[in-house]
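K.L.:
Below you will find the structure I want to go over with you.
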Amino acid sequence: LRDEEPLCEEAKRRYQCLVEKFIYLTLTRLDITFAVNVMSQFMHAPMDAHLKAVDKILSYLKRNSCKGLLYVKQDTLGIEGYSNADWADYIDTRRSNSGYCIYLGGNLIVWRSKRQDVCSHSSAEAEYRAVAMGVSELLWLKVLLTDIGIK
Numbered sequence: 004l005r006d007e008e009p010l011c012e013e014a015k016r017r018y019q020c021l022v023e024k025f026i027y028l029t030l031t032r033l034d035i036t037f038a039v040n041v042m043s044q045f046m047h048a049p050m051d052a053h054l055k056a057v058d059k060i061l062s063y064l065k066r067n068s069c070k071g072l073l074y075v076k077q078d079t080l081g082i083e084g085y086s087n088a089d090w091a092d093y094i095d096t097r098r099s100n101s102g103y104c105i106y107l108g109g110n111l112i113v114w115r116s117k118r119q120d121v122c123s124h125s126s127a128e129a130e131y132r133a134v135a136m137g138v139s140e141l142l143w144l145k146v147l148l149t150d151i152g153i154k
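Residue numbers for the sequence shown follow my numbering, beginning at 4 and rising by one.
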């Protein structure tokens, strides 16, 4: 990519417009979040390879238009949380990605994926950071639900 020329203004505007729409779409289409995050990092100077990647996201969305979030009413409102991390997966900085998701009554209500701020020395440390991030959110959510009368 370093040898490529930036896109012309018209193609650059198309790229930026599509990525902006994809960012909005990630509210209900979690399956494209990672790809959109990566593509949004090149908004200022996209190359032809970036435009091709955005076109692939668009093609994926056309083929999988029926996917989305479905919320189903449950009799019990149990709360569950899951976390995960990779170790030093990001090539440029060797930092880890961590994430968590929280379900209330079997329905996804909170999720987060984030590149860790520091470089973990081991996979165990990366996992520990992911668990700490998830548990912190879970405890806050439990207090919030108690405050609004949901037990």
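We put the CB at the ideal spot given by N, CA and C, even for glycine.
Everything numeric in this text was worked out from a predicted model, so none of it was measured.
Just curious, the alpha helix (DSSP H) that E128 is in, first and last residue?
P.N.:
Note, E128: alpha helix (DSSP H), 126-150.
K.L.:
Could you name the residues of the same chain whose beta carbon sits closer than 7 Å to that of S43, not counting the 5 residues immediately before and after it, in chain order?
P.N.:
Cβ neighbours of S43 beyond the five flanking positions: V22, I26.
K.L.:
Out of curiosity, what's the CA-to-CA distance linking L72 and T29?
P.N.:
Going by the C-alpha atoms only, they are around 11 Å apart.
K.L.:
Relative to the C-alpha of M136, which residue among T149, K59, V113 is closest?
P.N.:
Closest option to M136, Cα to Cα, is V113.
K.L.:
Using the beta-carbon count (16 or more within 10 Å), is H47 buried or exposed?
P.N.:
It counts as exposed.
K.L.:
Tell me whether N67 sits in a helix, a strand or coil according to DSSP, three-state version.
P.N.:
N67: coil per DSSP, three-state reduction.
K.L.:
Count the other CB atoms within 10 Å of the CB of W90; is the residue buried (16 or more) or exposed (fewer)?
P.N.:
By the neighbour-count rule (16 or more Cβ atoms within 10 Å), W90 is buried.
K.L.:
Apart from the five residues just before and just after V134, which ones in its own chain have a Cβ nearer than 6 Å to its Cβ?
P.N.:
S86.
K.L.:
Quick test of the definition: if touching needs 3 or more C-beta pairs under 8 Å, does the region 98-115 touch the region 59-77?
P.N.:
Yes, the region 98-115 is in contact with the region 59-77.
K.L.:
Between the alpha carbons of V138 and S123, how many angstroms are there, rounded?
P.N.:
Cα-Cα distance, rounded: 19 Å.
K.L.:
Check this for me: beta carbons of I105 and L144, under 8 Å apart or not?
P.N.:
Yes. Within cutoff.
K.L.:
Does the Cβ of V57 have 16 or more other Cβ atoms within 10 Å, making it buried, or fewer, making it exposed?
P.N.:
Buried, because 16 or more other Cβ atoms sit within 10 Å of the Cβ of V57.
K.L.:
Of all the options R97, A129, I82, which has the alpha carbon lying nearest to the alpha carbon of L141?
P.N.:
L141 has its Cα closest to that of I82, out of R97, A129, I82.
K.L.:
Specify the secondary structure class of I153 as computed by DSSP and reduced to three states.
P.N.:
In this structure, I153 counts as coil in the three-state DSSP scheme.
K.L.:
Assuming R115 contacts Y131 under a Cβ cut-off of 8 Å, what Cβ separation, rounded to an integer in Å, is found between them?
P.N.:
R115 to Y131, Cβ: 16 Å. No contact.
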